[in-house]
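So the sequence shown is residues -27 to -1, 1 to 88, counted in mature numbering (1 follows the signal peptide of the UniProt record, and there is no 0).
Where a beta carbon is used, it is the ideal one built from N, C-alpha and C, also for glycine.
Data block below; observations after.
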Amino acid sequence: MISRQTVLAILTTSALAFSIGASPAHSAGLAAAAVETTELPNDDDPDRGLRQDIKTALRSDPALRDAHVAVAARDGQVRLAGVVASEEQRHRAQQVAMAVTGVREVDNGLEIVGR
């Protein structure tokens, strides 16, 4: 069953992708990434705190203000998905995620979408 949170993640990702000029096919790929990385509420999830710490760090970085990043984490291995405006933002997002305590490895799946 598709949860309300999953539907919202798909719609939000698609809207963001269209607003920055992504093609419909590209938007569909981003929506699929959103589904993969949508977290379901689970207080027993030991990786939930790590995901939240990474998201907070990414949102707090001025260089990533217009980046749209989804975060998945498992046992210190992190996957970033979404869109950024430049290679510099893509690299910065990886640096910020790596600096968070508990992160051992970052798989940077961020895509660059020019304006």
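Taking the Cβ atom as the reference point for each residue, do residue i and residue j lie within a distance shorter than 8 Å?
i, j, result
"Arg52", "Asp80", "yes"
"Leu76", "Gly49", "For the record, residue 76 in the displayed sequence is Val; it is not Leu. In contact: Val76 and Gly49 (Cβ atoms closer than 8 Å)."
"Ala46", "Leu23", "yes"
Just checking my contact of residue i with residue j at CB under 8 Å: how many whole Å lie between their CB atoms?
i, j, result
"Arg65", "Leu37", "6 Å"
"Arg63", "Val57", "5 Å"
May I ask which residues mark the beginning and end of the alpha helix (DSSP H) holding residue i?
i, result
"residue 91", "Outside the shown range of the chain (-27 to 88) lies residue 91, about which nothing can therefore be said."
"Ala45", "It is not in any alpha helix (DSSP H) - Ala45 instead sits in the beta strand (DSSP E) that spans 41 to 47."
"Arg77", "It is not in any alpha helix (DSSP H) - Arg77 carries neither H nor E in the DSSP assignment."
"Val69", "60 to 71"
Along the chain, where does the beta strand (DSSP E) containing residue i start, and where does it finish?
i, result
"Arg38", "Note, Arg38: premise wrong, no beta strand (DSSP E); not H, not E."
"Val56", "50 to 57"
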